[in-house]
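Student:
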Amino acid sequence: MLGIGQYFSLELGSERLERFSKNLPIERMHAAREDGNVVGGAGAFPFEVTVPGAIVPAAGVTVVGTYPTHRRRGVLRAMMRAQLDDVHERGEPLALLFSSEETIYGRYGYGLASFAGEISLPRESPFAAPLEPRGRMRLVEKEEAQELFPHVWEAVRPRVPGMLGRTSDWWEYRILFDSPDTREGGGPKRFVALETDDGPEGYAVYRHRPKWEHFLPAGELDVVEAVALDGRATAELWRFLLDIDWAARVTSWLLPLDHQLFHLLAHPRRMGFRIFDGLWARLVDVGAALSARSYAGEGSVVIEVEDAFCPWNEGRWKLEDGEAVRTRAAADFRSDVAMLGSVYFGAFGFSELVRAGRIEELSPGAAVRADSLFAADRKPWCPEIF
Ligand SMILES: CC(C)(COP(=O)(O)OP(=O)(O)OC[C@H]1O[C@@H](n2cnc3c(N)ncnc32)[C@H](O)[C@@H]1OP(=O)(O)O)[C@@H](O)C(=O)NCCC(=O)NCCS
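In terms of my numbering, the sequence shown opens at residue 51 and continues consecutively.
(1) Could you give the C-beta distance for L304 and P430, rounded to a whole number, given that I count them as a contact under 8 Å?
(2) Please report how far the alpha carbon of L340 lies from the alpha carbon of R186, in whole angstroms.
(3) Could you check if Y253 belongs to the surroundings of ligand 3, using beta carbon to heavy atom distance under 7 Å?
(4) With 16 as the cutoff for other CB atoms within 10 Å, does S392 come out buried or exposed?
(5) For E354, report the span of its beta strand (DSSP E) as first-last.
(6) Residues bridged to V387 by DSSP?
(7) Report the CB separation of D421 from F400 in whole angstroms; it is logged as a contact under 8 Å.
(8) Excluding five sequence neighbours on each side, which residues of the same chain lie with their C-beta closer than 6 Å to the C-beta of M389?
(9) So, with DSSP's three-state summary, where would you put V88?
(10) Mapping the DSSP letters down to three states, classify H129 as helix, strand or coil.
(11) R69 and F227 look like a contact to me (Cβ under 8 Å); what is the Cβ gap, rounded to whole Å?
(12) Who are the Cβ neighbours of L292 in its own chain at under 7 Å, not counting the five residues just before and after it?
(13) Could you tell me if F395 is buried or exposed, where buried requires 16 or more neighbouring beta carbons within 10 angstroms of its beta carbon?
(14) Can L126 be considered in contact with ligand 1, in the sense that its beta carbon sits closer than 7 Å to one or more heavy atoms?
(15) Give the DSSP-derived three-state secondary structure of W431 in the structure shown.
(16) Please report the straight-line C-alpha distance between V274 and A94, rounded to a whole angstrom.
(17) Beta carbon of G438, beta carbon of A297: below 8 Å?
(18) Tell me whether Y345, by its Cβ, gets closer than 7 Å to a heavy atom of ligand 1.
(19) Could you name each continuous alpha helix (DSSP H) segment of 4 residues or more that falls completely within the segment 253-306, going from the start of the chain to the end?
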């Protein structure tokens with residue numbers, strides 16, 4: 051794994067590497083070699099991801115790279131081949147990733163599956179309606195955060211497509227971990243719990259980036275992660291974060307497109323909400339993946355799937371009563387497998403992709419029918435880059 055530093059421009063000291071490997075089983079790391087020497091690598095975390103109505107195993111593709119001396123010679127292609135074959139053999143129906151460049155992974159069947167928003171808004175930004183707090187905010191140390199926060203996460207994640215299961219090592223070495231060399235000029239991570247008599251209802255991880263100009267605070271409070279059980283708890287949590295002293299602005303990123311702040315704030319425009327691509331998803335086993343999630347409506351669709359990189363998926367699939375089976379029936383759509391990654395979590399509808407020429411509609415009206423079948427009540431959200 052030491053080779054990862056070569057292509058990620060990181061000085062991977064052994065302590066950092068050790069921390070990283072706590073969550074990546076060594077057998078999930080592929081290395082590309084030339085004459086026995088490593089020239090590239092690709093890893094996969096064994097995840098569970100929420101999809102509409104279910105939680106399914108997924109490969110979380112990570113630390114992909116080719117040494118600068120060996121680029122544009124097919125090393126990535128060879129690693130993607132080995133990795134997707136391995137994921138398929140393991141029976142994980144999905145592979146997920148965040149991409150350093152949006153041009154890389156479409157050719158291997160990954161489609162854009164969620165968006166991520168970045169905000170920066172003035173401290174004390176008012177809410178549109180008054181809020182009577184019901185809970186209490188309490189700063190906690192890392193050890194207590196490790197106890198409390200997973201309760202909230204576990205209650206929320208089954209409801210939000212794109213959220214991942216987290217082991218206690220994931221909490222300890224990734225979410226709650228903090229050291230001066232990971233702060234990028236900011237202060238230490240702070241942990242705060244929102245509690246009522248019923249227990250924890252929300253939490254936030256944040257840090258200050260202090261700065262003073264003319265005796266006035268000009269710094270930022272950066273919200274690393276804020277998760278709450280329901281709408282009221284989300285409002286209370288953000289009210290607290292927006293009102294913390296000694297910051298001019300509150301910043302955050304990796305927020306979902308349906309974030310409640312759009313409705314809470316009196317001036318949502320002042321968030322300057324900017325959108326980036328988030329999760330990319332690949333249906334490694336089309337039949338298993340389509341059968342794993344739930345569907346909103348009745349009815350059926352038949353999709354002719356094109357998948358040059360994983361030909362075991364090619365052919366016609368009928369989706370009916372929540373099951374995808376091979377069929378000889380006439381197809382409603384012809385689609386590259388990457389576009390199924392884009393509709394799977396609910397980031398896009400069939401109609402949008404048909405309009406954009408990325409899915410071919412073969413029977414009139416099929417896109418509208420498929421849109422209501424695939425509809426999900428929450429936008430996909432993956433609050434962390436892996
Ligand atoms: C991106 C990276 C892994 C590509 O590796 P590589 O071994 O040079 O890629 P390959 O030679 O196998 O090329 C595979 C295909 O991707 C294309 N490609 C490679 N890098 C690309 C890039 N940065 N942007 C667009 N296309 C790219 C190639 O043209 C080739 O296309 P083709 O199969 O249609 O002919 C490599 O440039 C790298 O390590 N970059 C820095 C780290 C990084 O960005 N990793 C990805 C983290 S998500």
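The beta carbon of each residue, even a glycine, is placed where N, CA and C say it ideally should be.
The structure presented is a predicted model; accordingly, all values stated were derived computationally and were not measured.
Tutor: Short version:
(1) What you label residue 304 is simply residue 254 of the sequence shown in a count that begins at 1. What you label residue 430 is simply residue 380 of the sequence shown in a count that begins at 1. That belief does not hold up - the Cβ atoms of L304 and P430 are roughly 12 Å apart, past 8 Å.
(2) To locate residue 340, count along the sequence shown from 1; it is residue 290. To locate residue 186, count along the sequence shown from 1; it is residue 136. The alpha-carbon atoms of L340 and R186 are separated by roughly 42 Å.
(3) Only ligand 1 can be found as ligands here, which leaves ligand 3 out of the picture.
(4) The residue given as residue 392 occupies position 342 in the sequence shown. That one is buried.
(5) Counted from its first residue, the sequence shown places residue 354 at position 304. Its beta strand (DSSP E) spans residues S350 to E356.
(6) Along the sequence shown, read from residue 1 onward, the residue named residue 387 stands at position 337. Answer by DSSP bridge pairing: none, since V387 is not bridged.
(7) Counted from its first residue, the sequence shown places residue 421 at position 371. Counted from its first residue, the sequence shown places residue 400 at position 350. 5 Å between Cβ atoms; contact.
(8) Stepping through the sequence shown from its first residue, residue 389 is reached at position 339. Excluding positions up to five away in sequence, the list reads G161, L403, R408 and I409.
(9) As a position in the sequence shown, residue 88 is number 38, starting the count at 1. Strand, per DSSP.
(10) To locate residue 129, count along the sequence shown from 1; it is residue 79. Inspection of the sequence shows that residue 129 is occupied by Met rather than by His. Helix at M129.
(11) For the purposes of this step, residue 69 is identified with residue 19 of the sequence shown, where counting begins at 1. For the purposes of this step, residue 227 is identified with residue 177 of the sequence shown, where counting begins at 1. About 7 Å separates the two Cβ atoms, so the contact holds.
(12) Counted from its first residue, the sequence shown places residue 292 at position 242. Here the set comprises R173, E174, S175 and V300.
(13) In the sequence shown, residue 395 corresponds to position 345, counting from 1. Burial is judged here by how many other beta carbons sit within 10 angstroms of a residue's own beta carbon; F395 has at least 16 and is buried.
(14) Counted from its first residue, the sequence shown places residue 126 at position 76. Checking every heavy atom of ligand 1 against the Cβ of L126, one is found closer than 7 Å.
(15) Residue numbering aside, residue 431 sits at position 381 when the sequence shown is read from its first letter. Here W431 sits in coil by DSSP.
(16) In the sequence shown, the residue the question calls residue 274 occupies position 224. In the sequence shown, the residue the question calls residue 94 occupies position 44. So the two alpha carbons sit approximately 24 Å from each other.
(17) The chain is shown from 51 up to 436; residue 438 falls before or after that span and cannot be answered.
(18) If you number the sequence shown from 1, residue 345 lands on position 295. Y345: no, Cβ never under 7 Å from ligand 1.
(19) Whole alpha helix (DSSP H) segments, 4+ residues: 281-292.
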